[in-house]
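Protein chains: 2
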Amino acid sequence: MSENRTEIASLGEFGLIEHLTKNFETQQASTVVSVGDDAAVIDHFGKQTVVTTDLLIEGIHFDLMYTPLKHLGYKSVVVNVSDIYAMNATPTQITMSIGISNRFSLEALDEFYEGVYLACEKYGVDLIGGDTSASQKGFIISVTAIGEVSPGQFVQRSTANVGDLVCVSGDLGGAFLGLTLLEREKKIYLESPQVQPDLENESYIVGRLLKPEARKDIIQFFEQQQIRPTAMMDVSDGISSEILHICRQSKTGCRLFEEKLPIAEPSRAAAFKFGLDPTVCALNGGEDYELIFTLKQEDHEKITLNEEISVIGYITDLEEGHKLQTKGGNVFNITAQGWNAFHK
Amino acid sequence: MSENRTEIASLGEFGLIEHLTKNFETQQASTVVSVGDDAAVIDHFGKQTVVTTDLLIEGIHFDLMYTPLKHLGYKSVVVNVSDIYAMNATPTQITMSIGISNRFSLEALDEFYEGVYLACEKYGVDLIGGDTSASQKGFIISVTAIGEVSPGQFVQRSTANVGDLVCVSGDLGGAFLGLTLLEREKKIYLESPQVQPDLENESYIVGRLLKPEARKDIIQFFEQQQIRPTAMMDVSDGISSEILHICRQSKTGCRLFEEKLPIAEPSRAAAFKFGLDPTVCALNGGEDYELIFTLKQEDHEKITLNEEISVIGYITDLEEGHKLQTKGGNVFNITAQGWNAFHK
Numbered sequence: 001m002s003e004n005r006t007e008i009a010s011l012g013e014f015g016l017i018e019h020l021t022k023n024f025e026t027q028q029a030s031t032v033v034s035v036g037d038d039a040a041v042i043d044h045f046g047k048q049t050v051v052t053t054d055l056l057i058e059g060i061h062f063d064l065m066y067t068p069l070k071h072l073g074y075k076s077v078v079v080n081v082s083d084i085y086a087m088n089a090t091p092t093q094i095t096m097s098i099g100i101s102n103r104f105s106l107e108a109l110d111e112f113y114e115g116v117y118l119a120c121e122k123y124g125v126d127l128i129g130g131d132t133s134a135s136q137k138g139f140i141i142s143v144t145a146i147g148e149v150s151p152g153q154f155v156q157r158s159t160a161n162v163g164d165l166v167c168v169s170g171d172l173g174g175a176f177l178g179l180t181l182l183e184r185e186k187k188i189y190l191e192s193p194q195v196q197p198d199l200e201n202e203s204y205i206v207g208r209l210l211k212p213e214a215r216k217d218i219i220q221f222f223e224q225q226q227i228r229p230t231a232m233m234d235v236s237d238g239i240s241s242e243i244l245h246i247c248r249q250s251k252t253g254c255r256l257f258e259e260k261l262p263i264a265e266p267s268r269a270a271a272f273k274f275g276l277d278p279t280v281c282a283l284n285g286g287e288d289y290e291l292i293f294t295l296k297q298e299d300h301e302k303i304t305l306n307e308e309i310s311v312i313g314y315i316t317d318l319e320e321g322h323k324l325q326t327k328g329g330n331v332f333n334i335t336a337q338g339w340n341a342f343h344k
Numbered sequence: 001m002s003e004n005r006t007e008i009a010s011l012g013e014f015g016l017i018e019h020l021t022k023n024f025e026t027q028q029a030s031t032v033v034s035v036g037d038d039a040a041v042i043d044h045f046g047k048q049t050v051v052t053t054d055l056l057i058e059g060i061h062f063d064l065m066y067t068p069l070k071h072l073g074y075k076s077v078v079v080n081v082s083d084i085y086a087m088n089a090t091p092t093q094i095t096m097s098i099g100i101s102n103r104f105s106l107e108a109l110d111e112f113y114e115g116v117y118l119a120c121e122k123y124g125v126d127l128i129g130g131d132t133s134a135s136q137k138g139f140i141i142s143v144t145a146i147g148e149v150s151p152g153q154f155v156q157r158s159t160a161n162v163g164d165l166v167c168v169s170g171d172l173g174g175a176f177l178g179l180t181l182l183e184r185e186k187k188i189y190l191e192s193p194q195v196q197p198d199l200e201n202e203s204y205i206v207g208r209l210l211k212p213e214a215r216k217d218i219i220q221f222f223e224q225q226q227i228r229p230t231a232m233m234d235v236s237d238g239i240s241s242e243i244l245h246i247c248r249q250s251k252t253g254c255r256l257f258e259e260k261l262p263i264a265e266p267s268r269a270a271a272f273k274f275g276l277d278p279t280v281c282a283l284n285g286g287e288d289y290e291l292i293f294t295l296k297q298e299d300h301e302k303i304t305l306n307e308e309i310s311v312i313g314y315i316t317d318l319e320e321g322h323k324l325q326t327k328g329g330n331v332f333n334i335t336a337q338g339w340n341a342f343h344k
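Laid out in structure tokens, this is it:
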């Protein structure tokens, strides 16, 4: 945090928007009109437009006690562009609306927007509009991401076929273990503020939670290799929940294999430290922002060279149910225990 | 309100989305993929895409003590499609995200969505996505509206020219007077709950606040008459504030005439009743959702037949300042006293 504190009311709404957007230059040729009018104008030149939106609320989706504002700004963009990649599309623009209580200074907002702009730069998207408002309580963030795709090349959740391979990018469970660690440290801090947090060797899982990345590289790899997944979505609630969405919408069953679930070594170590089963963390932990997708078997060879992609199972007939085969050979039903904001 | 109360937690997030969207059919040919995937897909078939977004927060932008939820749902859509019309474009899709505390039941949400769907039907837009979340406090609404326009036919704020006519649709100040009335009645009610509200003869101004309409008819009229305004925006903060935006972005001055400001008879009567100057209400009252636009003088004849359009002044050189000429012949500087959420 900066030492200065500028009250946001001293700028007014239009002064604030001007302040927050003045140094940002658009990168996309498709951005015809950006911030500063009733609406923005986009020309996707014959491509199809892809749209997704997310609402993030302090105390529900994030805890500012252990979330730096810059990371929060970055993550707000990433979780939305991740949904665009999950359609096999390329993100091109975002709008960003925020509601802030008077406990936030202009310097705090600047930190948040530093993260926003960093993510915009990294993913090549333009910030083309938004809304700034007071809130009665806490920090509210609403992001809409827009992308483009060649006509008909988008990939939905409902189009997996029996026999397809089930694949996932990167590794699973890390963000959930990062959250578990930070919640634990928060509890210790609230009880004994003099105890210093023990985050040594935990930078991997903490990073997975606080600064996730969207899998632009996987979508680029698909394009280079001329692979089109049969179905795809991003992993925000946990792969148990996501594979059940794909199967329900595609009217299929599935069989996943515990031994194939990609779990990073630091995640495995953290799980053991907290007395948790790494497999359960990988299946039910949310916010990894990896991609889960299904592929025709004939595309298998194309993906073997990409170490960032794991085959974790296959799609079956609906009648065969939704099964996980354990390392010991037992078979369980997959149930969604994913994150549900309404039960928190 | 219905007599039944269903807890939202009993459905879960996906059950809730399914419940809220199950009866809605898309109307736009451009809606390729709608609700139920990571993102929606739109194909505007060679047209340009127009995007705007608004964040509405209980206690800041609306008061549920006198705002029926159905009206709130309707208005949330209208204020966004109004921004699309203000670009001289046609709204085609919206996304709707909501955050709700557990004080809201499923029946309450259903009322809100009744209004949303009514507005979608009236303006011919498809609801293609969104997000539902718990909130720590109050009701939070974030809407993004998407529209289309023939390439290059959009109208910005920055393109008014010296000599252009300044025009406004409909009449001004009504929504502000409706707000004044309802705030007064709320105060009376809180002090003496047995007193019945005195809303007789006030349905016009209350309607202007609670159920505004966007000026689709004006944009259609422009198309029929082959008129393209030189600059345009919608009236959300009051025309003082809006004309200053147009002049600042166009680097011009303006002269408006008090006697030309369109004020409906019920608004004028209400202003006198409250001891307010109707002209001040028309200049500085927000939320009328009319269109303010500038026209080439040669288009004057084309608009004379449309009773919904008033010429209220003209654009001048920047050096001549931003002036209002009163009925008595005095000339004042126009200053923006529009609504500012950060000073509330």
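Just so you know, the sequences run in chain order A and B.
If you read the first sequence in full-length UniProt numbering, its first letter stands for residue 1, the second for the next number, and so on.
If you read the second sequence in full-length UniProt numbering, its first letter stands for residue 1, the second for the next number, and so on.
For each residue, glycine too, the CB sits at the ideal point set by N, CA and C.
Check, Outcome
"Same chain, Cβ closer than 7 Å to ASN340(B), neighbours up to 5 away in sequence not counted", "Low per-residue confidence applies at ASN340(B): pLDDT is 45, beneath 50, and the placement is therefore not dependable, though the value from the model is reported in the following sentence. Excluding positions up to five away in sequence, the list is empty."
"Own chain partners of SER135(A) with C-beta closer than 8 Å, once the 5 adjacent residues on each side are dropped", "GLY99, ILE100 and SER101"
"Interface partners of ALA86(B) on chain A, CB under 9 Å", "ASP37, ASP38 and ALA39"
"Every unbroken alpha helix (DSSP H) inside the stretch 288 to 328 of chain B [4 residues or more]", "300 to 304"
"Expected contact under 8 Å - CB spacing of TYR85(B) and ILE219(B) to nearest Å", "5 Å"
"Counted within 10 angstroms of its Cβ, other Cβ atoms place HIS300(B) as buried (16 or more) or exposed", "exposed"
"SER240(B), enclosing alpha helix (DSSP H) - first and last residue", "239 to 250"
"Below-8 Å beta-carbon distance, CYS187(B) vs any chain A residue", "Per the sequence presented here, residue 187(B) reads as Lys, with Cys not at that position. No, because no Cβ of chain A sits closer than 8 Å to the Cβ of LYS187(B)."
"Straight-line Cα distance separating ARG157(A) from ASP38(A)", "34 Å"
"Beta-carbon proximity list for ALA282(B), same chain, < 6 Å, skipping 5 on both sides", "LEU172, GLY173, LEU261 and ILE263"
"Residue burial classification, ASN201(B) (beta-carbon count within 10 angstroms, cutoff 16)", "exposed"
"Sequence-distant residues of its chain with Cβ nearer than 8 Å to TYR74(A) (five each side left out)", "GLY115, VAL116, LEU118, ALA119 and LYS211"
"Cβ-based burial, ARG5(A) [other Cβ within 10 Å; buried from 16]", "exposed"
"Whether ALA214(A) touches GLY147(A) by CB criterion (8 Å)", "no"
"Option in PHE274(B), THR49(B) and THR21(B) with minimal Cα separation from VAL149(B)", "THR49(B)"
"Proximal chain B residues relative to THR53(A), where beta-carbon distance stays under 8 Å", "THR95, SER97, GLY129, GLY130, ASP131, SER142 and THR144"
"Secondary structure of ASP217(A), DSSP reduced to three states", "helix"
"Interface residues of the stretch 155 to 183 of chain A facing chain B [CB-CB below 7 Å]", "GLN156 and ARG157"
"Spatial distance of SER76(A) from TYR314(B) (CA atoms)", "44 Å"
"Sequence-distant residues of its chain with Cβ nearer than 7 Å to PRO266(B) (five each side left out)", "TYR204 and ILE205"
"Those residues which DSSP pairs with LEU55(A) across a bridge", "SER142(A)"
"Residues near GLY170(B) in its chain [Cβ-Cβ closer than 8 Å; skip 5 each side]", "ARG215, PRO262, ASP288, GLU290 and GLU308"
"Pair within 8 Å by beta-carbon distance, THR294(B) and ILE246(B)", "yes"
"SER192(B) burial status per 10 Å Cβ neighbour count (16 or more: buried)", "exposed"
"Cutoff 8 Å: GLY275(B) Cβ touching any chain A Cβ", "no"
"ILE17(A) and THR132(A) closer than 8 Å at C-beta", "yes"
"Proximity of THR52(A) and THR159(A) at Cβ, strictly below 8 Å", "no"
"Opposing strand residues paired with VAL35(A) [DSSP bridges]", "Paired residue(s): none; VAL35(A) is not in a bridge."
"Which of helix, strand or coil DSSP assigns to PRO91(B)", "strand"
"Proximity below 8 Å, CB of LYS187(A) to CB of GLU259(A)", "no"
"Inter-residue Cα distance where the pair is PRO151(B) and GLY46(A)", "12 Å"
"Cα-Cα separation, PHE222(A) to VAL166(B)", "53 Å"
"8 Å contact criterion, which GLN93(A) and VAL143(A) should meet: CB distance rounded", "The Cβ separation is near 11 Å, so there is no contact."
"Per DSSP, the bridge partner or partners of THR49(A)", "GLU148(A) and ILE42(B)"
"THR6(A) at chain B interface by Cβ criterion, 8 Å", "no"
"Straight-line gap, GLU7(A) to LEU109(A) (C-alpha atoms, nearest Å)", "11 Å"
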